[in-house]
Each structure stands twice: as C-alpha cells, then as structure tokens.
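Quick note: the sequence shown, position 145, residue 441 per the working numbering, numbers continuous. What follows is a set of notes on a single structure, which appears directly below.
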Amino acid sequence: MDAQYLAKRKPAPQTLADICERRPALASVLTIFIPLYTAREELRESLQPLVSPLPELSEPNAEFLANGVPLLANAGFDWIDAAFKKAAHDILPQLEAVEGLREDLKTFAEGLEKGTLIPPKLTQTYLSSDAKTLATMLENHAQSTAVGAFLTQQILGPVLQAARMKSVEPDLQTWRQGYCPVCGSFPSVGCLSRPDPDQSEFLKGGGGHKYLHCSLCGHDWRFRRGACPGCSNEDPGAIEYMRAKESPWERVELCRKCNTYVGALDLRETTESPDLDAAAIGLMHLDLLAAAEGLRPLAPSLWNTFD
Numbered sequence: 297m298d299a300q301y302l303a304k305r306k307p308a309p310q311t312l313a314d315i316c317e318r319r320p321a322l323a324s325v326l327t328i329f330i331p332l333y334t335a336r337e338e339l340r341e342s343l344q345p346l347v348s349p350l351p352e353l354s355e356p357n358a359e360f361l362a363n364g365v366p367l368l369a370n371a372g373f374d375w376i377d378a379a380f381k382k383a384a385h386d387i388l389p390q391l392e393a394v395e396g397l398r399e400d401l402k403t404f405a406e407g408l409e410k411g412t413l414i415p416p417k418l419t420q421t422y423l424s425s426d427a428k429t430l431a432t433m434l435e436n437h438a439q440s441t442a443v444g445a446f447l448t449q450q451i452l453g454p455v456l457q458a459a460r461m462k463s464v465e466p467d468l469q470t471w472r473q474g475y476c477p478v479c480g481s482f483p484s485v486g487c488l489s490r491p492d493p494d495q496s497e498f499l500k501g502g503g504g505h506k507y508l509h510c511s512l513c514g515h516d517w518r519f520r521r522g523a524c525p526g527c528s529n530e531d532p533g534a535i536e537y538m539r540a541k542e543s544p545w546e547r548v549e550l551c552r553k554c555n556t557y558v559g560a561l562d563l564r565e566t567t568e569s570p571d572l573d574a575a576a577i578g579l580m581h582l583d584l585l586a587a588a589e590g591l592r593p594l595a596p597s598l599w600n601t602f603d
C-alpha cells in the first residue's frame, strides 16, 4: 500500500466505531469485536520482545516466489511458543461476548496450558492448509474445526504481524497469485488505492492500483484488477460486483466460475482510511447479499459465514 494511506490509516477500534455510527443496524454485532481488535492492535507492539525477525522475508527464496510458493511455507516456528501463548492470553477473553464460544475458549486455553496444543506444530499445520491434520489436531479443543481454526487465526495473526514489523519487507512485485506471498492465506478484503499525488493528471484520472490484504499476517500485495484471486480467472468480465446504494465505495467482487468473492473498498471514492482488518467485518451487509447468491468468501470467518 502507498505510504500516504498507511500514514493516515485509522486504528482498528476507531474503524469499527465509525462503521457502527454509519451503519446502526450492524452496531449490535460489530461492537462485540471492538475489544478483540483493540487487543490485537496492542499485541503488535507488546509482542515485539517475544518475536524474531523472519529470515524468510529478509532473504526471500526466488524459486519459491517464481513457483507460487509462499515464503513461510517451509519455515520453522520454534520461536513462536511464548508469543503465541501471550497472544492467546490476551485474545481469548475478548471473544467471550461472542455467543456460543465460551466453552471453546476454555478448552482451547486448556490445550495450550496442558501442552496438548503445541504452538509451533499448530502454526505449521495451519499455514500448510492441511485440513485433515488440522482437524485432528483441533479435535478435542473446539466444537468444530471451523471454530478451532478461527481461534488459531485470531491468535496467530497478531504474532505474525508483530514478526513482520521486525523483519525487512521483501520486494514481491513479481508475485501474481491471489493468496498471500508471505503466509499463503487468502485475502479478507481488497482495495483500489488512491492515485499517487506525484502522478501526472492524466494518470491520476485512471484510478489506483488494486491491492489484496492478507486475512492472517496483514501483508498487502498488488494484484491484477480483472482477475479472480480464487481461481485466477481473468476472462473478460470475469469479475462482477455487488454494491449497496448508500456506500458505493464498498463492494463485493465475485467470480461465477469458482463461486467465490472478496469484499473490496474503492478508496478513490472516499476520504476514509480505515484499518483493513476491521473494514472487512464492516462489509457484513454485503456478505449477506453474497451468501444469498450462494457465493463463498475466500477467507471464511465467524462474521461472513451463515447457516
């Protein structure tokens, strides 16, 4: 993302508070998550003494990138134990207000305390996308694999973000995949950036670059505007859009070929500079429209999957 946007980006709790004010119908749900995102934001700083720079970022594997393999695909996470447990200690209590999660929070915390859940192994399994092994690992620690994976994601996310802050960010301009070049997770949201103020007036009129925002480690990467991040379909008209009339800068970008979608923000149409993790939750009204069309979110979570 451009430096101007990053400098002006609002904290996640303020982003959620602004969305609640703009969309009162969502406030009863979104306010539940303000303590969670407050804790996540504070953890990025408080975890700094417990995390290590990621050598995979300072010395990126060119062969991995050329073959579409995320940089952390084969990383070791022996260092992550203390940071993961610290994040769990701060994150899990913030989810007690979410209906139906209290027992899961208790059993997940007990697994970490008793050593039946081992953070390095859990991290490697989660990042490997090995659904069968992850389900076995989480079997006795949550009512379902989906819930256990959600808890893992909420804890692991701030840890990886803190480690990224300590690392040298590599040049990943050649990456063309719809999943994160750092950790391999799908995006929670995309955006079209504002034109660079140093561009010519002619180029400014053409609009900004498209970025995808990782649902786990928070990395932002450039992506092709007309392509589907789920299946790489870039036929003419591959991407369709759903918008709400009252906020045309918020939308869902969907692909009928793979039946998936990702929420998106057109920053050219607003002066807002929201935190992207929090902004993804604020698109819940569009998640409902997408679900009614039988579409699946690329990055499933508690707030965008409906029974």
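The beta carbon of each residue, even a glycine, is placed where N, CA and C say it ideally should be. All of these numbers come straight from a predicted model, not from anything done at the bench.
By the criterion of a C-beta distance shorter than 8 Å, proline 544 is surrounded in its chain by Asp562, Glu565, once the five residues flanking it on both sides are discounted.
Nearest in C-alpha terms to serine 425, of all of Arg318, Gln310, Arg305, Leu512, is Leu512. For leucine 585, the enclosing alpha helix (DSSP H) begins and ends at 580 to 588. It is roughly 10 Å from the alpha-carbon of proline 320 to the alpha-carbon of aspartate 314.
Using a Cβ distance threshold of 8 Å, isoleucine 535 and glycine 522 count as a contacting pair. Per DSSP, reduced to three states, the secondary structure at tryptophan 375 is helical.
Taking the Cβ atoms as the reference, proline 570 lies roughly 10 Å from lysine 304, outside the contact range of under 8 Å.
Annotation for arginine 547: the continuous beta strand (DSSP E) segment containing it runs 546 to 551. Per DSSP, the continuous alpha helix (DSSP H) segment holding aspartate 573 begins and ends at 572 to 577. Close CB contacts of threonine 403 within its chain, under the 8 Å cut and outside five residues either way in sequence, are with Asn436, His437, Ala438 (chain order). By the neighbour-count criterion, in which a residue is buried when 16 or more other Cβ atoms sit within 10 angstroms of its Cβ, arginine 490 is buried. The Cβ-Cβ distance between isoleucine 387 and arginine 336 falls below 8 Å. Going by C-alpha positions, proline 454 is about 6 Å away from leucine 339. Membership of arginine 518 in the beta strand (DSSP E) is indicated by the continuous run 516 to 518.
DSSP, read as helix, strand or coil, puts alanine 321 in helix.
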